[in-house]
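Novice: Chains as they are written, first to last, in the numbering used here: chain E, 1 to 645; chain C, 1001 to 1464.
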Amino acid sequence: MKSLRVSDVKQKYRGKNYDVIVVGAGHAGCEAALAAARMGNKTLILTINLDMVAFMPCNPSVGGPAKGTVVREVDALGGEMGRNIDKTYIQMRMLNTGKGPAVQALRAQADKHAYHAEMKHTLENEPNLTLRQAIVDSLIVEDGLCKGVVTNTGAKYFAKAVVIAAGTAARGKIIIGELMYASGPNNSQPAEKLSGNLEELGFDLERFKTGTPPRVDGTTIDYSKAEEQPGDATPHHFSFESSDKNYLSVKDQLSCWLTYTNETTHKIIRENLDRAPMFTGVIEGVGPRYCPSIEDKIVRFADKSRHQLFLEPEGRKTEEWYVDGLSTSMPEEVQQKMLHTVAGLENAEMMRPGYAIEYDVVAPYQLKPTLETKIVRNLFTAGQTNGTSGYEEAAGQGIIAGINAGRRALGKGPFVLKRNEAYIGVMIDDLVTKGTKEPYRLLTSRAEYRLLLRTDNADMRLTEKGHELGLISDDRYAKFLDKKRAIDSEIQRLNQIRIKPSDAVNQFVEAHGDKPLKDGVLASVFLRRPYVNYQTLLQFIAAPDAPLDRHVVEQVEIQTKYAGYIAKAEASVEKMKRMEAKRIPDRIDYQAIDGIATEARQKLQKIHPETLAQASRISGVNPADIAILSVYIQQGKIAKLKKSV
Amino acid sequence: MVLTTTEFDTIAAISTPPGEGGISIVRISGEEALDVAKKIYRGKSLDKVASNTINYGHIIDPSTGQEIDEVMLSVMRAPHTYTKEDIIEINCHGGIVATNRILQLVISNGARMAEPGEFTKRAFLNGRIDLSQSEAVMDLIEAKTDRSMKAAINQLDGNLSHLIKHLRKDILDVLAQVEVNIDYPEYDDVETMTSKLLREKATDVHKRIVQLLQTAKQGKILRDGLATSIIGRPNVGKSSLLNHLLHEDKAIVTDVPGTTRDVLEEYANVQGVPLKLVDTAGIRDTTDKVEKIGVDRSRKAIASADLILLVLNASEELTDEDRQLIKATNGKQRIVVLNKTDLPIKLKLNEIKQLTHADHIISTSAIKSDGLKELEKLISKMFFDEGISSSQNDVMVTNARHIGLLNQAKQALEDVIKGLDTGMPVDLVQIDMTRCWDLLGEITGDSYQDELIDQLFSQFCLGK
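#1: Assess contact between the segment 426-444 of chain E and the segment 468-479 of chain E, defined as three or more Cβ pairs (one per stretch) separated by less than 8 Å. Is contact present?
#2: Do you know how far the Cα of residue 1360 of chain C is from the Cα of residue 1212 of chain C?
#3: Could you give the distance in angstroms between the alpha-carbon of residue 1410 of chain C and the alpha-carbon of residue 1198 of chain C?
#4: Determine, for residue 1082 of chain C, whether the minimum Cβ-Cβ distance to residues of chain E falls below 9 Å.
#5: For residue 1121 of chain C, count neighbouring Cβ atoms within 10 angstroms of its own Cβ and tell me buried if that reaches 16, exposed if not.
#6: For residue 335 of chain E, tell me which candidate among E:118, E:350, E:554 and E:325 has the shortest Cα-Cα distance.
#7: So within the segment 273-351 of chain E, which uninterrupted alpha helix (DSSP H) runs reach at least 4 residues, ignoring any that extend past its ends?
#8: Are the Cβ atoms of residue 685 of chain E and residue 172 of chain E separated by less than 9 Å?
#9: Would residue 138 of chain E and residue 194 of chain E be called neighbours here (beta carbons separated by less than 9 Å)?
#10: Is the Cβ of residue 521 of chain E closer than 9 Å to any Cβ of chain C?
#11: Let's test the definition: count the other Cβ atoms within 10 Å of the Cβ of residue 659 of chain E and tell me whether it reaches 16, buried, or not, exposed.
#12: Taking the C-alpha atoms as reference points, what is the distance between residue 1311 of chain C and residue 630 of chain E?
#13: Rounded to the nearest angstrom, what separates residue 1324 of chain C and residue 1210 of chain C at their Cα positions?
#14: My understanding is that residue 426 of chain E touches residue 447 of chain E, with C-beta atoms under 8 Å, so please give their C-beta distance in whole angstroms.
#15: Please specify which runs of the beta strand (DSSP E), each continuous and at least 3 residues long, are wholly inside the segment 492-537 of chain E, giving them in chain order.
#16: Checking contacts by CB at 9 Å: is residue 1382 of chain C closer than that to chain E?
#17: Contact criterion: CB-CB distance below 9 Å. Does residue 365 of chain E meet it with respect to chain C?
#18: Which residues does DSSP pair with residue 256 of chain E in a beta bridge?
#19: So with CB distances below 7 Å, who are the chain E contacts of residue 1423 of chain C?
#20: Let me know if residue 109 of chain E comes out buried or exposed under the rule of 16 or more other beta-carbons within 10 Å of its beta-carbon.
#21: Run the CB neighbour count on residue 1103 of chain C, radius 10 Å, all protein chains shown included, and call it buried at 16 or more, exposed below.
#22: Looking only at DSSP bridge pairs, what is residue 39 of chain E linked to?
#23: What's the gap between the Cα of residue 1248 of chain C and the Cα of residue 1055 of chain C?
#24: Just the C-alpha distance for residue 203 of chain E and residue 1012 of chain C, rounded to the nearest angstrom, thanks.
#25: If you measure beta-carbon to beta-carbon, which residues of the segment 424-452 of chain E are closer than 7 Å to chain C?
#26: Would you say residue 1111 of chain C reaches chain E, if we count a Cβ-Cβ gap shorter than 9 Å as a contact?
#27: Which of helix, strand or coil does DSSP assign to residue 477 of chain E?
#28: Taking Cβ positions, are residue 706 of chain E and residue 166 of chain E nearer each other than 9 Å?
#29: Name the chain E residues whose beta carbon is nearer than 7 Å to that of residue 1475 of chain C?
#30: Alpha carbon to alpha carbon, how far is residue 597 of chain E from residue 229 of chain E?
#31: To the nearest whole angstrom, what separates the beta carbons of residue 1035 of chain C and residue 1112 of chain C, a pair I think is in contact under 8 Å?
#32: Judging by CA-CA distance, which residue of E:265, E:402 and E:389 is the nearest neighbour of residue 381 of chain E?
#33: Would a check of beta-carbon distances place residue 310 of chain E closer than 9 Å to chain C?
#34: Count the other CB atoms, across all protein chains shown, that sit within 10 Å of the CB of residue 1050 of chain C; report buried if there are 16 or more and exposed otherwise.
#35: For the alpha helix (DSSP H) holding residue 1383 of chain C, just list the boundary residues, first then last.
#36: Short of 7 Å Cβ to Cβ, which residues in the segment 1069-1093 of chain C face chain E?
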């Protein structure tokens, strides 16, 4: 493809020195830069377009299953996404409320313009952080060490560590029907040169594809034909620091609307499949299975007579609406026709067509769990650059890359979250261990310990770490410790109080179809009954000395009600930890180990897992290979011991 | 860093059961198997012979030039062998002394003595067979009768693997549905996995695992043999009963009897049920040292037996010693054998019935072979009801590790049902369903656990 660049700068100049440079100011870049700066590093963040800081080129929403938990994890580590969405949401909903606590998921609709403005303002006001518009053309790398970046305007910035979070800008290409042009998200400039530089440095790049639906003018939607989906009245927040008093009432929130495609829509799509870049071979990139384009859905699920479409407002000061479920790269004309077949959209004016976008990805096997690259030291990558999709996934990696780049600049050791500690840990381990063949999205099913990785307890899991990293203030940490103490002491109290089989208790129990109590029962045991919650429990026992905060009550309930399951999960974590403790020597030569299957050998050689547990999670490495590897390492240790004797 | 490993040494072992068999086989496996064989073999050039050929020649002690044995030597080249390594098998003229001598020569010329189960371990490590298959091979070697052989072979074919994979697939379908409901809560594309549906599925898989476990009881007998003790005073006919059970035309797979006085166990095939006869040497000893055999010695044998054959002399009145033996075997699976019915009967049947709480009583005359068929039928019926067959298609679980895992999987499913009973949400109950899936995966080796391999291979005994 021809370059957009007409001419290059003739003379380069030396800019200031920084501790950390972050390339890209999307959801990964913002978290990375803020984390590095807040740890005390002089940080520079560069973006192709200052008006696209923390921009949402796709869904105007944050959270959902697994993703919402990541936002809370970022918050517990002192990150920004949770606070930012709490300040700019237009609707808040808790999903999966009918299910258990492990899978409850918070999701907000964002005012995408406010979200961007708020995040930009936060960056601008961060003392150690400089925000600047520039395109990075190349990295300064000497002897395998990354020392800085060179911009399209000729500036050379030096730093102790660099984070690349280029998103879909890396050699981005937008496709709408037969139309195809070099572009970053939403018609922004692409980063045309950085990919080539990465290839020269020896990186293996892959080509991924994602897409977005058309936007329509809300004044032309007939809402009477769609089903309203209002926000929740009960207060929810992403950030553990946000307070209930700022929560918007339902009438102050904006609703989403549900409608459906129909056979006519499908017929139009089928009749135009010869113009669909998805099927004509125009699109080379690999798209996500979990978020297929509408043409993909029609072809793969031909027997379905309709598909859900969610109409989502993009903000308070715009009439643009996002048609969730209609992601497409069909020609504009076809998109129009499709839209007009949908109930409620018969007269809708399309404001922007949907499009597919192809971009370069650094195959994530080239990364360490700190998100530092294996071949260039002091270089970190995060977000879509690593093959993920989603703002939350980006933010989760961004904060880890920023923390590790910041710690490198400070001369400190690596920071890694384990699979049993955070969804962020699951995601990064999946990426660096298994890699990904499609844009990676977090799912609760990817987490084997999801009961431990709940959305309600992200602060319990990570606040202490955030504090140690210097990202959580002493004040916030003290409040966290108070909460923790309150939970522990109430659980302890419930473990000591006995409920006697009084008439009142038995009336209550029998009213719920249960057998009356014969003997006294511990309050904690009583609380485990499905029809008992903390409030009903208080009818039968004395209230604690001081009334408890609702977040404390929530923890007491969950930790008591599901104690059995939680204990089982913790036991299985212990088992995993033993395997995690078996480290594979850095310089192991897989070629020298007989008996490992060829596929496994190639994978091991490529990924260089750090522990046996990690090795066992690599697809294509089977138990026999692990057994051989285990024996080999064991014998290496014995040989070493003998040698030293 | 240079790592050394013994994992891929060339190994050797005698792969036929110990004893004075017609032919013994010394097996060598590993990269140097051919080199080792060449040093001690005189015959055709082994480098030139084709793979999978058997070659006539002699084993020579290279240090003295002395001829040790006339042999047939098989050459099987990697990777199409059991261990996926080069394999040499030396078929020699049996006899402990000669076979041992050849093994020693093999070892002094570059091979190492194989550890128990090491050939199979290599087959497994080299990706030749999966976990349940490698265990089945061990069972096959230890199989005592045709019936148990069939159970072992079925498993080797992957029948158990197949069945387990089927169960896992069913569970996976359920899990996937639960997951979709969680990760895409608003999408109406998928039927919601309700408590009711989950209960139905869990109950169904539970039922199938229970059925599988029912075969385990019989499977254990088929594999390990039914530990049987013949108890009785001296001269009541234990010896002749034993000889009848061990009759020549019965297939006895292992331990050739009479080769050594140390053999404490012998196997008899009774209508397909392998009887492991405990303390047979004790019974044989009776001809030399009648007086030494008494209640004390019997006690040990009684304790370890699954089945007691209590032999009484029908031509004599009940003695105190008989009464003591009856008392000592109360509560055991027991058949009272009234022997010597060819002589005038003096034993009071009513008294026996009373003392033994109406146990199985059978009258025999070992000398005239009367009642012996009935005895065999009774044994078979006691442990294998007509309902259970070991036909070609039936999968029988015989391995202790598999049984353990199936029991845990069953428990996990019971936890699923218990969780549903106590009103736990589907996504929590699903944790136990996932555990069941993982446990079943361990049987086929589809999920890895650290302890698995170690435990597995330490269970193996020497041989293929």
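Where is the CB? At the ideal position from N, CA and C, for every residue including glycine. As the structure is a computational prediction, the values presented were derived from the model and not from experiment.
Specialist: Let me lay it out:
#1: Segments in contact, no.
#2: Working through the second sequence from its first residue, we reach residue 1212 of chain C at position 212. Working through the second sequence from its first residue, we reach residue 1360 of chain C at position 360. Note on geometry: alpha-carbon atoms of residue 1212 of chain C and residue 1360 of chain C lie some 29 Å from one another.
#3: Here residue 1410 of chain C refers to the residue found at position 410 of the second sequence. Here residue 1198 of chain C refers to the residue found at position 198 of the second sequence. Going from the Cα of residue 1410 of chain C to the Cα of residue 1198 of chain C covers about 15 Å.
#4: Within the second sequence, the letter at position 82 stands for residue 1082 of chain C. Closer than 9 Å: no.
#5: On the second sequence, residue 1121 of chain C is found 121 positions in, with the first residue counted as 1. For residue 1121 of chain C, the number of other beta carbons within 10 angstroms of its own is at least 16, and it is reported as buried.
#6: Locating residue 335 of chain E in the first sequence gives position 335, counting from the first residue. Checked all of E:118, E:350, E:554 and E:325; the closest Cα to residue 335 of chain E is E:350.
#7: Runs of the alpha helix (DSSP H) inside the segment 273-351 of chain E: 277-280, 294-300 and 332-340.
#8: Absent from the model: residue 685 of chain E. The displayed extent of chain E is 1 to 645, so no value can be given.
#9: For the purposes of this step, residue 138 of chain E is taken as residue 138 along the first sequence, with counting starting at 1. For the purposes of this step, residue 194 of chain E is taken as residue 194 along the first sequence, with counting starting at 1. Yes, Cβ-Cβ distance for residue 138 of chain E and residue 194 of chain E is below 9 Å.
#10: By 1-based counting over the first sequence, the position of residue 521 of chain E is 521. Not one chain C Cβ lies under 9 Å of residue 521 of chain E.
#11: With chain E running from 1 to 645 in the structure shown, residue 659 of chain E is simply not present.
#12: Taking the second sequence and counting its residues from 1, one reaches residue 1311 of chain C at position 311. Taking the first sequence and counting its residues from 1, one reaches residue 630 of chain E at position 630. Residue 1311 of chain C and residue 630 of chain E have their C-alpha atoms some 55 Å from each other.
#13: To locate residue 1324 of chain C, count along the second sequence from 1; it is residue 324. To locate residue 1210 of chain C, count along the second sequence from 1; it is residue 210. For the pair residue 1324 of chain C and residue 1210 of chain C, the Cα-to-Cα distance works out to about 40 Å.
#14: Within the first sequence, residue 426 of chain E is the residue found at index 426, counting from 1. Within the first sequence, residue 447 of chain E is the residue found at index 447, counting from 1. That belief holds up - the Cβ atoms of residue 426 of chain E and residue 447 of chain E are roughly 5 Å apart, short of 8 Å.
#15: Listed in chain order, there is nothing to give.
#16: Taking the first residue of the second sequence as 1, we reach residue 1382 of chain C at position 382. Taking CB atoms only, residue 1382 of chain C has no neighbour in chain E less than 9 Å away.
#17: Here residue 365 of chain E is taken as the residue at index 365 of the first sequence, counted from 1. Judged by the 9 Å Cβ criterion, residue 365 of chain E is not in contact with chain C.
#18: Numbered from its first residue, the first sequence carries residue 256 of chain E at position 256. Per the DSSP secondary-structure output, residue 256 of chain E pairs in a beta bridge with E:229.
#19: Your numbering for residue 1423 of chain C matches position 423 in the second sequence. Residues of chain E passing the Cβ test: 530.
#20: Within the first sequence, the letter at position 109 stands for residue 109 of chain E. When all chains shown are included, residue 109 of chain E counts as buried.
#21: In the second sequence, residue 1103 of chain C corresponds to position 103, counting from 1. Residue burial is scored here from C-beta neighbours: residue 1103 of chain C has at least 16 other C-beta atoms within 10 angstroms and is therefore classed as buried.
#22: Position 39 of the first sequence, counted from the start, is the residue given in the question as residue 39 of chain E. Residue pairing from DSSP leaves residue 39 of chain E without any beta-bridge partner.
#23: For this step, residue 1248 of chain C is matched to residue 248 along the second sequence. For this step, residue 1055 of chain C is matched to residue 55 along the second sequence. Since pLDDT at residue 1248 of chain C reaches only 44, below the 50 mark, its modelled position is unreliable, and the value read off the structure follows with that caveat. When rounded, the separation of the alpha-carbon atoms in residue 1248 of chain C and residue 1055 of chain C is 33 Å.
#24: Start at 1 with the first residue of the first sequence, and residue 203 of chain E comes out as number 203. Start at 1 with the first residue of the second sequence, and residue 1012 of chain C comes out as number 12. The straight-line gap from Cα to Cα measures roughly 48 Å.
#25: Taking 7 Å as the Cβ-Cβ cut-off, the segment 424-452 of chain E approaches chain C at 443, 444, 445 and 451, given in chain order.
#26: Residue 1111 of chain C sits at position 111 when you count from the first residue of the second sequence. Closer than 9 Å: no.
#27: Position 477 of the first sequence, counted from the first residue, corresponds to residue 477 of chain E. When DSSP states are grouped into helix, strand and coil, residue 477 of chain E belongs to the helix group.
#28: Residue 706 of chain E is absent from the structure shown; chain E starts at 1 and stops at 645.
#29: What is shown of chain C runs 1001 to 1464, which leaves residue 1475 of chain C out entirely.
#30: As a first step, residue 597 of chain E must be located in the first sequence, where it is residue number 597. As a first step, residue 229 of chain E must be located in the first sequence, where it is residue number 229. Going from the Cα of residue 597 of chain E to the Cα of residue 229 of chain E covers about 53 Å.
#31: As a first step, residue 1035 of chain C is located in the second sequence; it is residue number 35 there, counting from the start. As a first step, residue 1112 of chain C is located in the second sequence; it is residue number 112 there, counting from the start. Rounded, the Cβ-Cβ distance is 14 Å, inconsistent with contact.
#32: Translated into positions along the first sequence, residue 381 of chain E becomes position 381. Checking every option, the nearest Cα to that of residue 381 of chain E belongs to E:402.
#33: Mapped onto the first sequence, residue 310 of chain E falls at position 310. Yes, residue 310 of chain E counts as interfacial toward chain C.
#34: As a working note, residue 1050 of chain C is residue 50 in the second sequence. Residue 1050 of chain C is exposed by the Cβ-count criterion.
#35: Walking along the second sequence from the start, residue 1383 of chain C turns up at place 383. Going by DSSP, residue 1383 of chain C is part of the alpha helix (DSSP H) stretching over 1372-1383.
#36: Residues of the segment 1069-1093 of chain C with a Cβ closer than 7 Å to any Cβ of chain E: none.
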